[in-house]
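Using this note's numbering, read the sequence shown as starting at 8 and increasing by one per residue. Single-structure report; data block below.
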Amino acid sequence: GNQQRLASLLGKPLLTDYADVRAGLRYVAARQQPGETLFELQGVAPVAYYYQHLAPQRLPLSRAWAEVWRPGPAGDSALVAADVATLVARGQGRLWFVSDVPEPWLRRWAEATGTVSQDTAFYRGYAFRWQAPPE
């Protein structure tokens, strides 16, 4: 189906739930404001790339930043925190996150480090907006 076609277009297996990522990206594209950045977790990045650059009907995501790939376990909040700190230092303190898995680690990390809003759940995944605390 669509997941196999996307994997063949990208030239690698897709280790994510295609439908939930697509739903999350559509949710973000409809709500993203100027100055907000989509933070693409490693599993989300290939689907986000497809919908931003290759899909027949591309999503109007204005800014996106892919998580820096590092060897190690997926879902490591310390790695995400390091990448987010880099973005905040560059003045990008308003981020959108999309997850294709129901594991709550990302939402828990976000709530502990900033303000979460526009939080919505999909079949298995979720999307939300995160705001860094004022300095």
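Idealized CB from N, CA, C, for every residue including glycine. In this text the structure is predicted, and so the values were computed from the model without any measurement.
Query                                                                                                        : Result
Rounded to a whole number of angstroms, what is the C-alpha to C-alpha distance between Y130 and P111?       : 14 Å
Just grab the DSSP bridge partners of E47 for me.                                                            : A73
Going by C-alpha distance, which of R33, D107, Q99, A85 is nearest D27?                                      : D107
Check for me: the beta strand (DSSP E) holding D90 runs from which residue to which?                         : From DSSP, D90 is part of no beta strand (DSSP E) but of the alpha helix (DSSP H) over 84-96.
Check for me: the alpha helix (DSSP H) holding A62 runs from which residue to which?                         : A62 -> no alpha helix (DSSP H), and no H or E assigned at all.
If you draw a straight line from the alpha carbon of A88 to that of R101, how long is it in whole angstroms? : 14 Å
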